[in-house]
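Trainee:
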Amino acid sequence: MKYSLPLIALSALLAASHANAQTTATDAWVRGTVAQQKTTGLFVKLTSVKGGQLVSASSPVSRVAEVHVMSMKGDVMTMREVPALDLPAGKTVSLEPNGAHVMLIDLKQALKAGDIVPVTLVIEDKDKKRETLEVKARVEALGAPHDEHAGMKMH
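No gaps in the numbering here: position 36 of the sequence shown is 29 in the working numbering, and each next residue is one more.
Listed below in structure tokens is the structure:
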């Protein structure tokens, strides 16, 4: 089988960039929306080899993307933006409903089950070097098994 030089070069480049990746993302998903809904969340498992922080996010499906954390205050769940989310070295951090997540704000269209949403995550290590992580998240229907917000009070 013959391979063209550009194909071999591209394969080598992709292998090299993957080898240099310090952070991996798995199990990425986005909650589906209904008509007129302007926000949703990205949920993903992040593992950083050397440690670092998730410092920003962006997506072409929303005008704004923010890193958020949720916590209980009495019987009410609260949510707030944070400037960064710690990613301890070698440990998997789960961004999930009722916890840390990326909020996609001012959606440009409704997101339906089965769609794929591209999200760019920026990870900063302790030396302030930044790594860009491209995530392809599958949209899951409202009420799907991942959807743990059902019945919770949100403020």
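All residues carry an ideal CB built from backbone N, CA and C; glycine is no exception.
1. Express the C-alpha separation of residue 93 and residue 182 in angstroms, rounding to a whole number.
2. Which of the three DSSP states, helix, strand or coil, is assigned to residue 135?
3. Just verifying my parser: in three-state terms, what is the DSSP assignment at residue 111?
4. Can you pull the DSSP bridge partners for residue 79?
5. Return the chain-ordered list of same chain residues with a C-beta closer than 6 angstroms to the C-beta of residue 123, the five sequence neighbours on each side being excluded.
6. Considering just the uninterrupted stretch of the beta strand (DSSP E) at residue 58, what are its terminal residues?
7. For residue 89, I'd like the list of residues in its chain whose CB is within less than 7 angstroms of its CB, leaving aside the five on either flank, ordered along the chain.
Mentor: In terms of the structure at hand:
1. Only positions -6 to 148 of the chain appear in this structure, which leaves residue 182 out of reach.
2. coil
3. Strand, per DSSP.
4. Per DSSP, 46.
5. 115 and 117
6. 55 to 66
7. Within the same chain, residue 89 has close Cβ partners 36.
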